[in-house]
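With the UniProt record's numbering as the guide, the letters of the sequence shown map in order to residues 1 to 304.
Quick reminder that beta carbons are idealized off the backbone N, C-alpha and C, glycines included.
The structure presented is a predicted model; accordingly, all values stated were derived computationally and were not measured.
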Amino acid sequence: MRLASQQWLFSLHLLCLSRTSIFSVILWWVGSRNQAIAVKSQKSCRLQEKLIVCCCENSKPTSQNGFWRRDLVLFSLSSSVSLVLPSPGSLAEEDLKMASFVDETNAYSYMYPAELPSKKFLFKWVESRKPERYSSAAPLSPNARLRIVSERVDFFDNLIISVSIGPPNFDLIKSKDKSTWSAKDVADSVLADKSALRVTSSQRMDESSVLDAHTSEIDGEPYWYCEYLVRKSPTNLAQEPNLYRHYVASTVERDGYFYSVNASTLGKQWNKMGPFLEKTVSSFRLLPPTENYVPPYKDPWRFW
């Protein structure tokens, strides 16, 4: 009996030497001790206590090890809670209220940010250009190919949403089959006609930097998306942090013309306002023409 007890305690001592096995040893020891209590003498009990103290001095106190199971349970509970609770950023996006804009003259629509109720924040949009036909719209470049047909501005938060229409630039897009057009080619075509500077197309493209371009098919039509920066010259009002605007855009072709929505803000505000502008761009759709629709090629001479 004494020999068996010594062998058992020796095995326990060896196992306790490993720091990584302490938790398993304690659980095994508790089960074994319950069976041995009835046959152990007072002397063997003292010996056990002495050996246990010695072996545990080489690792961590048994009282600390006793909390491991509880800590694991609490850790799993806290992990479950963190998976259920949304992040602050997702709360802001879910709370966003958007308004709808429909242009029957050019047959398109989009959604734009209107309010963040949880933050008591209202966007302060002003319709700087009401919808108008392509022939009378304001040109974006000296050749008047690309024109703004509608625009809204939030002056307080420095936000701009505009819709422009213009023909493809076949100097940059070599094929007339739109199924072969890449998003980067479409972005370059639109940006080449966007600058108001009297410079060449390549110089206008140098003013902009395309960060991303991709294509999605919606209702059987390709929509080309891009994200880009437009650099501006510094002024007294626009210093180093404001030397560029950050844009997102969506373009679709109809009747031989590009319809593009562009949403932008200052570069330093992109992290705050960018996600809202991306929702606007992703909501842009061409609508079935009604009797109010005026195609871009109709009455090009008409300015009213």
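Query: Considering Ala183, what are the terminal residues of the alpha helix (DSSP H) in which it resides?; Result: 183–192
Query: Specify the secondary structure class of Gly256 as computed by DSSP and reduced to three states.; Result: coil
Query: Count the other CB atoms, across all protein chains shown, that sit within 10 Å of the CB of His246; report buried if there are 16 or more and exposed otherwise.; Result: buried
Query: Is the region 258–268 touching the region 156–175, taking contact as three or more C-beta pairs under 8 Å?; Result: yes
Query: Identify, in the order they occur along the chain, each residue of the same chain with its Cβ nearer than 6 Å to the Cβ of Tyr293, setting aside the five sequence neighbours on each side.; Result: Ala107
Query: Enumerate, from N- to C-terminal direction, the unbroken beta strand (DSSP E) stretches of 3 or more residues contained entirely within the region 91–144.; Result: 97–103, 108–116, 126–129
Query: If we ignore side chains and look at the alpha-carbon of each, how far apart do Leu287 and Arg231 end up?; Result: 33 Å
Query: Hey, how far is the Cα of Tyr110 from the Cα of Tyr297?; Result: 23 Å
Query: Determine the closest residue to Asp157 out of Val248, Lys279, Phe123, with distance taken between C-alpha atoms.; Result: Phe123
Query: Take Phe121 and list the residues in its own chain whose beta-carbon comes closer than 8 Å to its own, dropping the five residues that flank it on each side.; Result: Glu115
Query: Can you list, in chain order, the residues of its chain whose CB lies under 8 Å from that of Asp103, leaving out five sequence neighbours each side?; Result: Ser109, Pro131, Val149, Ser150, Val163
Query: Helix or strand or just coil, what does DSSP make of Pro167?; Result: coil
Query: So, is Gln42 buried or exposed, given that buried needs 16 or more other C-beta atoms within 10 angstroms?; Result: With a pLDDT of only 46 at Gln42, under the threshold of 50, the placement of this residue in the model should not be trusted; the figure read from the coordinates follows. Exposed.
Query: What is the rounded straight-line gap between the Cα of Leu191 and the Cα of Val126?; Result: 25 Å
Query: Under DSSP, the beta strand (DSSP E) around residue 389 begins and ends at which residues?; Result: Residue 389 lies beyond the range of the chain shown here (1 to 304); nothing can be said about it.
Query: Tell me where the alpha helix (DSSP H) around residue 312 begins and ends.; Result: What the structure shows of the chain is the stretch from 1 to 304, and residue 312 is not part of that stretch, so it cannot be assessed.
Query: In angstroms with no decimal places, state the Cα-to-Cα distance between Asp177 and Glu278.; Result: 28 Å
Query: Excluding sequence positions up to five away, which residues of its chain have a Cβ less than 6 Å from the Cβ of Ser283?; Result: Tyr110, Met111
Query: Whole angstroms are fine: how far does the CA of Pro117 sit from the CA of Met273?; Result: 16 Å
Query: Considering Cα atoms alone, identify which of Thr105, Ser250, Phe101, Asp219 is closest to Tyr228.; Result: Ser250
Query: Exposed or buried, which one is Glu291 when buried takes at least 16 other CB atoms within 10 Å?; Result: exposed
Query: Could you compute how far the alpha carbon of Trp181 sits from the alpha carbon of Ser175?; Result: 7 Å
Query: Could you give the first and the last residue of the continuous beta strand (DSSP E) run that contains Val294?; Result: Per DSSP, Val294 belongs to no beta strand (DSSP E) and is neither H nor E.
Query: Pull up the distance between the alpha-carbon of Asp299 and that of Ser135, whole angstroms please.; Result: 7 Å
Query: Here's the rule: buried if 16 or more other CB atoms are within 10 angstroms of the residue's CB, otherwise exposed. What is Leu146?; Result: buried
Query: In whole angstroms, what separates the C-alpha of Val281 from that of Glu221?; Result: 16 Å
Query: Can you give me the Cβ contacts of Asp185 inside the same chain, cut-off strictly under 8 Å, excluding the 5 residues immediately before and after it?; Result: Leu172, Ile173
Query: Considering Asp219, what are the terminal residues of the beta strand (DSSP E) in which it resides?; Result: Element bounds for Asp219: n/a, residue is neither H nor E.
Query: Could you check whether the Cβ of Leu243 sits closer than 9 Å to any Cβ belonging to chain B?; Result: Absent from the structure is chain B; it holds one protein chain and no more.
Query: If you compare alpha carbons, which of Lys97, Phe101, Leu96 is closest to Arg285?; Result: Phe101
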